Structures are given as C-alpha cells and as structure tokens.
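Residue numbers (my numbering): 171 to 407.
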Ligand SMILES: [Mn+2]
C-alpha cells in the first residue's frame with residue numbers, strides 16, 4: 171500500500187543508494203583535501219576550481235552542481251557564486267559541493283573559519299549545528315518531512331535568529347541534486363525507507379556572515395544513516 175505523501179520516485183534502489191554513498195564519500199575526501207589549501211590570500215574561485223579538480227580527478231563523472239565557495243560577508247548569501255575575493259583572517263568560508271557517480275549526486279556543505287573566530291561567529295555556528303542535529307534526529311520512515319524542518323527551525327527561532335533562516339531544511343537527492351521530498355514547513359511529503367535526503371539549516375546575517383552545515387542521509391525505519399562523515403565541530407584553520 172502506498173502511503174500518502176510518499177512517491178516511489180523518492181525511494182531509491184540499492185544501486186542508486188550505493189552510488190550516492192560513493193559520491194558523498196568522495197565529497198568527504200575532497201573536504202579533507204581542500205582544508206590543506208584554505209589560507210589567507212587564496213581566492214574563492216581558486217578554491218572552487220581545486221574542489222572540482224579533486225572531484226573529477228578522483229572519479230566524479232561531472233559534478234552534481236556548480237561548486238559554492240564563498241567567504242567573509244559573501245557567506246551571507248545561501249547560493250553565492252565564487253568570486254576573485256581572497257580569503258582573509260577572520261573569514262568564514264562556506265563550501266557546498268557534490269560529486270556525481272553513475273549519474274547520482276552527492277551534496278555536502280561545511281563552514282570553516284580562518285585564523286580567528288569571533289564570539290558571535292562561534293555562537294551562530296553552534297546554533298546551526300544544534301539545529302542540524304535536531305533535524306537529523308527527526309528523520310525516520312513514516313515521519314512528516316515538515317517535522318524535520320520544524321525541529322531545526324525551533325532551535326534557530328529560540329536562539330533569536332528565526333528571520334535569518336531563509337530556506338528549507340533539506341531535499342531529496344538522486345540523478346538531480348534537488349529532488350522530492352522537500353524538507354520544509356509546507357511539505358506534504360512523508361519520509362520512507364531508502365529515501366536519500368539532505369539536512370542543511372543555515373543562518374545568514376546581513377552585512378556580517380552566514381553559516382550552513384549540510385549532511386546527506388538515507389532514511390530508515392529506525393532513523394537515518396548519515397553518509398557524510400566530515401567533521402562538524404567548528405574548524406579554525
Ligand atoms: Mn543541498
């Protein structure tokens with residue numbers, strides 16, 4: 171019997187899930203690599219190019235989507251485009267990228283600090299991380315997708331940053347990087363076993379900085395399997 175809010179295209183085959191897991195593992199390897207390249211003076215464009223080179227050199231067949239690498243004030247834009255801006259001490263750097271394996275996409279985001287970090291940066295990072303972990307904890311086959319969004323949003327709202335969480339909490343992933351189900355407040359989708367979904371809350375402070383943390387997980391009857399293993403505690407390079 172098909173549950174309301176569940177469409178078969180959201181549930182992926184074992185072969186598709188393995189390809190998505192491999193794409194995400196390649197993303198983890200890429201993150202480890204790019205950490206060795208992030209330093210003051212390197213441009214966003216150069217880092218984005220290095221990410222894409224690492225992915226394709228290591229088996230990515232094309233890319234899941236154009237790489238986001240933004241820094242400083244530019245991190246306050248959720249879908250920023252890499253520019254010639256050079257990394258500076260005190261910047262947050264947001265990296266959002268994905269490999270493609272057998273046609274299937276990976277998708278991950280990490281925010282790292284360079285040189286030093288302010289109290290406000292640490293505070294906002296911690297709120298986003300707690301929101302992300304709460305949303306992950308709300309993933310379970312049979313749960314409404316809006317619940318994961320609510321879990322993340324509640325934490326951000328209680329911390330006083332509600333107006334600065336300007337997008338949904340996550341999405342399905344397949345041959346397209348953005349698929350159903352949608353994990354947002356209006357979603358009518360219901361999670362089911364073997365749905366790959368992202369969880370990616372963020373806070374974007376105008377004229378200051380933004381933070382986003384994104385993992386890719388497979389929904390199960392007991393919760394979710396996290397395919398993304400990169401460090402989530404704040405990294406200061
Ligand atoms: Mn995503």
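Yeah, the Cβ is synthetic: ideal placement off N, Cα and C, and Gly gets one too. The model shown is predicted, which means the values in this text are computed figures rather than measured ones.
- State yes or no: is the C-beta of residue 339 nearer than 8 Å to some heavy atom of ligand 1? no
- Excluding the 5 residues preceding and the 5 following residue 393 in the sequence, name in chain order all residues of the same chain whose CB lies nearer than 7 Å to its CB. 309, 310
- Message: Quick check on residue 246: does DSSP put it in helix, strand or coil?
- Response: helix
- Determine the closest residue to residue 330 out of 374, 367, 356, with distance taken between C-alpha atoms. 374
- Inspect the beta-carbon positions of residue 422 and residue 359 and report whether they are closer than 9 Å. In the structure as shown, the chain starts at 171 and stops at 407, and residue 422 therefore has no counterpart that could be examined.
- Message: By the three-class DSSP mapping on this structure, what secondary structure does residue 226 have?
- Response: helix
- Query: Using 8 Å as the Cβ pair cut-off and three pairs as the minimum, do the region 310-324 and the region 334-341 touch?
  - Reply: yes
- Item | CB contact flag (residue 283, residue 200, <9 Å) | no
- Item | Nonlocal neighbours in the same chain, by C-beta distance under 7 Å from residue 285, ignoring five residues either side | 210, 259, 260
- Task: Below 7 Å CB to CB, which residues in the same chain sit around residue 334 once its five sequence neighbours on both sides are set aside?
- Result: 373, 374, 375
- Between the beta-carbon of residue 382 and the beta-carbon of residue 198, is there less than 9 Å? no
- Message: Buried or exposed, going by whether 16 or more other CB atoms sit within 10 Å of the CB of residue 228?
- Response: exposed
- Once you ignore the five residues that flank residue 276 on each side, which residues in its own chain have a CB closer than 7 Å to its CB? 190, 193, 194, 196, 197, 234, 268, 269, 386
- Inter-residue Cα distance where the pair is residue 298 and residue 264: 13 Å
- Cβ neighbours of residue 186 in the same chain (closer than 6 Å, five flanking residues each side left out): 274
- Of the residues 355, 356, 365, which one's Cα is nearest the Cα of residue 349? 365
- Message: Would you say the beta carbon of residue 220 is closer than 8 Å to some non-hydrogen atom of ligand 1?
- Response: no
- Considering only C-alpha positions, which residue in the set 239, 384, 204, 362 is nearest to residue 183? 362
- Message: For ligand 1, I want to know if residue 377 counts as a neighbour, meaning its beta carbon is within less than 8 Å of at least one of the ligand's heavy atoms.
- Response: no
- As assigned by DSSP and simplified to three states, the class of residue 384: strand
- Message: Cutting at 6 Å between CB atoms, please list the residues of its own chain near residue 218, excluding the five before and the five after it.
- Response: 237, 239, 252
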